[in-house]
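Novice: Here you go, one structure.
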Amino acid sequence: MERRYALKSIAALALTLAASTVLSINGAQAAGSRLTEIIDRGTVRVGVLGAFKPWSFPSPDGSMQGIEIDLAQTVADTLGVKLEPVVITSANRMQFLQQGKIDLIVGGMYDTADRRKLVGMIEPAYWTSGPTLLAKEGIIKDWKDIAGKPVCGKQGVFYNKTIETEYKAKVVAFTGNTEGKEALRSGKCVAWVYDDASITADLASGEWEGYEMPVSVLYNNPWAAAVPLEELDKAWGVFMSGMAYRWQASGKLLELEKKWKVKPSDWIAEQHDKAKWDASYLKAGN
């Protein structure tokens, strides 16, 4: 935990180095190929989930909007390039990054040891959540109540295995959130297993009257942005570490909670306090 959240020493250095890479195109060309490519292209391609309200979802005109779109826009604005959101899924997002179809993932992705072997996870993390259940009121009181019963889930989500092996449920996996939750409505499953952040947003939408989040999360796990693994310690990864630090230190994440009417997170508030630079010395009258 200390390694993951040691924001100041790691991220402050990252921010300093990142600033030097974007001062000029020549500086970027000397620093790393992916950052050079992005600047030369004039566009940063960011992988975002397509139906993950309020983090990334379509607006009425078809463009993407949400918390992670706003974060991705800060990356584009800092680099002075255009933002190109690319819709990804939980199942293909790391492959898209490895295959060069996108430059960056900002798509509700848990930071895990296994994933760190495949993609460059950016520290610090920018959000956190954990798996829980959405079910009709009164049906489930405890995690043990799903044993031997069908539970709707999403393909590519790694905690599906935990639900089956530790809680003895039968996971019925769907390619998208909409299909899985509709299966719950139609009675094909006793519950929908997904992140508490998403389920909280569903319950707040007014479209799930008679449903509840009856159990606590299994655990909390931070979400991280990601770059190609080979770029993690190069200019592109260092730049993104600086951006992630600024999201925490500047209060940007607190601002986005309010903008998108998300229940305030104690974790985000704590990380902001840890990352915020103590500038009280400026008021000392020197």
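In mature numbering (1 follows the signal peptide of the UniProt record, and there is no 0), the protein residues as written are -30 to -1, 1 to 256.
A virtual CB, placed ideally from N, CA and C, is assigned to each residue, including glycine.
(1) Under the DSSP definition of a beta bridge, which residues are partnered with Val187?
(2) Please report the straight-line C-alpha distance between Arg15 and Gly90, rounded to a whole angstrom.
(3) Provide the residue span of the alpha helix (DSSP H) that contains Thr135, from first to last.
(4) Compare the beta carbon distance of Tyr129 and Leu188 with 8 Å and say whether it is the shorter of the two.
(5) On the DSSP letters alone, give me the boundaries of the alpha helix (DSSP H) that residue 257 sits inside.
(6) Locate the alpha helix (DSSP H) running through Gly150, then write down its first and last residues.
(7) What does a CB cutoff of less than 7 Å around Asp47 pick up in its chain, not counting 5 residues either side in sequence?
(8) Roughly how many whole angstroms lie between the Cα atoms of Leu173 and Trp193?
(9) Going by alpha carbons, who is nearest to Asp112 out of Gly126, Leu67, Val160, Glu152?
(10) Please identify the residue among Phe27, Thr13, Ile8, Pro101 whose C-alpha is closest to the C-alpha of Met183.
(11) Which of the three DSSP states is assigned to Ala1 in this structure?
(12) Please confirm if the segment 16 to 35 is in contact with the segment 72 to 89, defined as three or more CB-CB distances below 8 Å between the two stretches.
(13) Comparing alpha-carbon positions, which option in Gly157, Ser99, Lys124, Ala139 lies nearest Gly118?
(14) In the DSSP assignment, find the unbroken beta strand (DSSP E) run with Ser239 in it and report its ends.
(15) Using only the alpha-carbon positions, how far apart do Ile169 and Ile58 sit?
(16) Run through the segment 50 to 134 for me and flag every whole beta strand (DSSP E) of 3 or more residues, listed as ranges in chain order.
(17) Whose C-alpha, out of Gly50, Lys52, Arg85, is nearest the C-alpha of Gln65?
(18) How is Lys138 classed by DSSP in three states: helix, strand or coil?
(19) Pull up the distance between the alpha-carbon of Leu82 and that of Ala196, whole angstroms please.
(20) Determine which residues share a DSSP beta bridge with Val16 and list them.
(21) When the Cα atoms are used, what is the spatial distance from Asp166 to Ser186?
(22) Go ahead and pull the three-state DSSP assignment for Tyr251.
Specialist: Considering the structure as presented:
(1) Within the sequence shown, numbered from 1, the residue matching residue 187 stands at position 217. DSSP lists no partner for Val187.
(2) Numbered from its first residue, the sequence shown carries residue 15 at position 45. Numbered from its first residue, the sequence shown carries residue 90 at position 120. Computed Cα separation, rounded: 16 Å.
(3) In the sequence shown, the residue the question calls residue 135 occupies position 165. Thr135 -> alpha helix (DSSP H) spans 130 to 135.
(4) Along the sequence shown, read from residue 1 onward, the residue named residue 129 stands at position 159. Along the sequence shown, read from residue 1 onward, the residue named residue 188 stands at position 218. For Tyr129 and Leu188, yes; Cβs fall inside 8 Å.
(5) Here the chain has residues from -30 to 256 only, and residue 257 is not among them.
(6) The count along the sequence shown starts at 1 and reaches residue 150 at position 180. 147 to 155 is the extent of the alpha helix (DSSP H) around Gly150.
(7) One-based indexing of the sequence shown puts residue 47 at position 77. Excluding positions up to five away in sequence, the list is empty.
(8) The residue you call residue 173 lines up with position 203 of the sequence shown. The residue you call residue 193 lines up with position 223 of the sequence shown. Cα-Cα distance, rounded: 21 Å.
(9) What you label residue 112 is simply residue 142 of the sequence shown in a count that begins at 1. Per the Cα distances, Val160.
(10) In the sequence shown, counting from the first residue as 1, residue 183 sits at position 213. Ranked by how close their Cα comes to the Cα of Met183, the residues Phe27, Thr13, Ile8, Pro101 have Pro101 in first place.
(11) On the sequence shown, position 31 is the one that residue 1 refers to. Note that Ala1 scores a pLDDT of 48, beneath 50, so its modelled location is shaky; the value from the coordinates is reported in the next line. Three-state result, Ala1: helix.
(12) Flag = yes, the segment 16 to 35 and the segment 72 to 89 touch.
(13) Numbered from 1 along the sequence shown, position 148 holds the residue referred to as residue 118. Checked all of Gly157, Ser99, Lys124, Ala139; the closest Cα to Gly118 is Ala139.
(14) Here residue 239 is taken as the residue at index 269 of the sequence shown, counted from 1. What sits at residue 239 in the sequence shown is Ala, not Ser. Counting along the chain, Ala239 falls outside any beta strand (DSSP E), though it belongs to the alpha helix (DSSP H) covering 236 to 245.
(15) Walking along the sequence shown from the start, residue 169 turns up at place 199. Walking along the sequence shown from the start, residue 58 turns up at place 88. So the two alpha carbons sit approximately 20 Å from each other.
(16) Runs found: 52 to 58, 89 to 91, 97 to 99, 101 to 106, 120 to 124.
(17) Within the sequence shown, the letter at position 95 stands for residue 65. Among Gly50, Lys52, Arg85, the Cα nearest to that of Gln65 is on Arg85.
(18) Within the sequence shown, residue 138 is the residue found at index 168, counting from 1. If DSSP states are grouped into helix, strand and coil, Lys138 belongs with coil.
(19) One-based indexing of the sequence shown puts residue 82 at position 112. One-based indexing of the sequence shown puts residue 196 at position 226. The displayed chain sequence assigns Thr, not Leu, to residue 82. So the alpha carbons of these two residues sit roughly 12 Å apart.
(20) In the sequence shown, residue 16 corresponds to position 46, counting from 1. When DSSP reads this structure, Val16 sits in a beta bridge with Pro55, Leu74.
(21) Against the sequence shown, residue 166 aligns to sequence position 196. Against the sequence shown, residue 186 aligns to sequence position 216. Answer to the nearest angstrom: the Cα atoms are 9 Å apart.
(22) The residue labelled residue 251 in the question sits at position 281 within the sequence shown. Reduced to three states, the DSSP call for Tyr251 is helix.
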